[in-house]
Every structure is written in C-alpha cells, then in structure tokens.
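Protein chains in written order, with my numbering: chain A, 610 to 834; chain B, 16 to 96.
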C-alpha cells in the first residue's frame, strides 16, 4: 500500500510516525521507499562531508539504512524518526571517515570555514568611507517580487537550490542540511557534529547567506530560470 | 548604543532568526529596519531562503542507490524471524 507521508509539508508528528514504523516493521516496501526518497539525498550529502568520494558516501548511506532497520525494534521514539536516522548516518560516516583517514578531518574543515572571513554580502555593495552614507547599502538588494516562495518550487529553481547546496563548503553544507532541511534543533546539530553552538551558528549563517546569493539572480529576473 | 550599519546588520540575521541576540541588539536591529528598505528586503530574502530549505518538496534530486537500498530492505526482511 503506498503511503503519502505528511502531505501538508509539516514535520512528522506522533501518529504518522507510528504508522510508518508499523509499516516498516511489517515489511512494507512502499513505506520504506517513501522514507528513502525523503531522507537519502540529504543523508548522502552529509556522509560526503566525512568520506572521500560519492561511492563511499553511498556505501555509508546503505550501511546506515541497514542500521535503521535493525534498530527498529529498539527505537523508542524519544527523538523523531528523522532525527534518529540522521544520527545513525552521521555516526556511520564518522566511523568510516576515521577508518579511511580522510586527509582533512571534519573538525579541521569546520575550523577553517569559521575562522576565514566570509562576508554575507560583497563589500562593494556598501558605500565606502568617503561616501555620504558609509557602511550603508550603495546598491540595495533588488526585490524578489511577489510570492518568491512559489517560484522557488519550480523544477528549475529546485535544481538550482540543490546545486547551490552541493557547492557549499563541507561543514556549512552539513550544518544547513541538519538544521534547515532536516529541521533539527541547534543543540542536536552541535551534538551530531561535535561543534560548539557558536560555530554551528556561524556556519549556518554563512551557508544561508551563500544560498540567498545563489538564488538572487533567478528571483530578481536578472537570469531567466 | 551606536546605530547599526547595513554592513553589520547582514551579519546578524541568523542570530536574529535564531533568537540569540540580546534584547538591546534586537531593538537596535528593528529600529534600523523601520528606516531601511534595503535591509528590510534583505531580511525578507534570508527568511524566504531559509523557509524554502525546510520544505520537504524542495529537493529534486533522486535518492542515490534507490534500487540498492530496496535490496537492503528485502535482505533485512528475509532475516526477520
């Protein structure tokens, strides 16, 4: 029986989640594939931050799903199903990353990305010291017009969002996936990635600012999507 | 407290959304917004960007190894008592 998971776009809630769990335990393939479609792309991206290449990340995702299925009897619903799945993939990816001695550890990536200056908006968009309004917009943001959220759901723009997420530095990508795409509370993101709350916020901010910049030309009409 | 400049405001939007700014800083930011169309639009765009990411239908990419994962599921099913 095919199941549509939370069509409203809301996060999983209790009863729905219990239904999915029951279907999984009963071996329902459609329910499993629905869950895979929903989470595997983000899992793949997170895994990719810890391991060398896409093929290894795919292995990690596969191992994680097996871990999820084998863990089902013990899953007590103390975290959301989604939260639990992401914790498993991060743990598998970390183990694998350590085992294959990835040349740059995640903590070093994160440190490098937070310590380097990385302005949200190009400095030349603001007036310089000799101008009438120094440090204020010289070149204001061009409005995104009516209902940008609807235009963002067009197939073309969705693939732009995806490409922009892929192009993010690895630590920023992991943080924005866990926080904004998967919807985890900041504290859970800190725990999953072993980062301080301040660093998570800095990485999140930098990721969001880059994604806004990436979408801007399509929404201002400067480039036809 | 000195006024907030646009170049600084764009660096604290996440702290503002996440509710981690001190009340005085929030007041300063909101006072700035009341008088600045550029920053008001910027903040709106940051909010739209963030909210779009949270929509489950925002991703268009196919799940990697969907077929392989189905095999994993079938193998797991087979090992169930």
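By construction, the Cβ of each residue, glycine as well, lies at the ideal position given by its N, Cα and C atoms.
* Asked: Quick one: what does DSSP say residue 753 of chain A is sitting in, helix, strand or coil?
  -> coil
> Taking Cβ-Cβ distances shorter than 8 Å, what residues in chain A pair up with residue 80 of chain B?
Replying inline: 649, 667, 670, 671
Discussion item. For a contact defined as C-beta to C-beta under 7 Å, what are the partners of residue 723 of chain A on chain B?
Written reply: Under the 7 Å cutoff, chain B gives no residues; its nearest Cβ is about 13 Å from residue 723 of chain A.
task: Identify each residue in the region 733-751 of chain A for which the Cβ-Cβ distance to at least one residue of chain B is less than 7 Å, and report them in chain order.
output: 735, 744, 745, 746, 749, 750
For this session: Please decide whether residue 57 of chain B counts as near chain A, where near means a Cβ-Cβ distance under 8 Å.
Result: yes
- Item | Any 3 or more C-beta pairs closer than 8 Å across the region 799-813 of chain A and the region 747-758 of chain A | no
Checklist entry - Going along the chain, which residues of its own chain have a beta-carbon closer than 7 Å to the beta-carbon of residue 93 of chain B, five neighbours each way excluded? => result none
Determine the direct distance from the alpha carbon of residue 677 of chain A to that of residue 630 of chain A, and round the result to whole angstroms. 11 Å
Please find out if some non-hydrogen atom of the ligand NAP comes closer than 7 Å to the beta-carbon of residue 744 of chain A. The ligand NAP is not among the ligands present in this structure, which contains no ligands whatsoever.
Excluding the five sequence neighbours on either side, which residues of its own chain have a C-beta within less than 7 Å of the C-beta of residue 21 of chain B, listed in chain order? 51, 53, 54
* Identify the residues that DSSP records as bridge partners of residue 735 of chain A: which are they? -> A:746
Inset, instruction - Determine contact between the region 80-90 of chain B and the region 632-647 of chain A, defined as no fewer than three beta-carbon pairs at a distance below 8 Å. - result: yes
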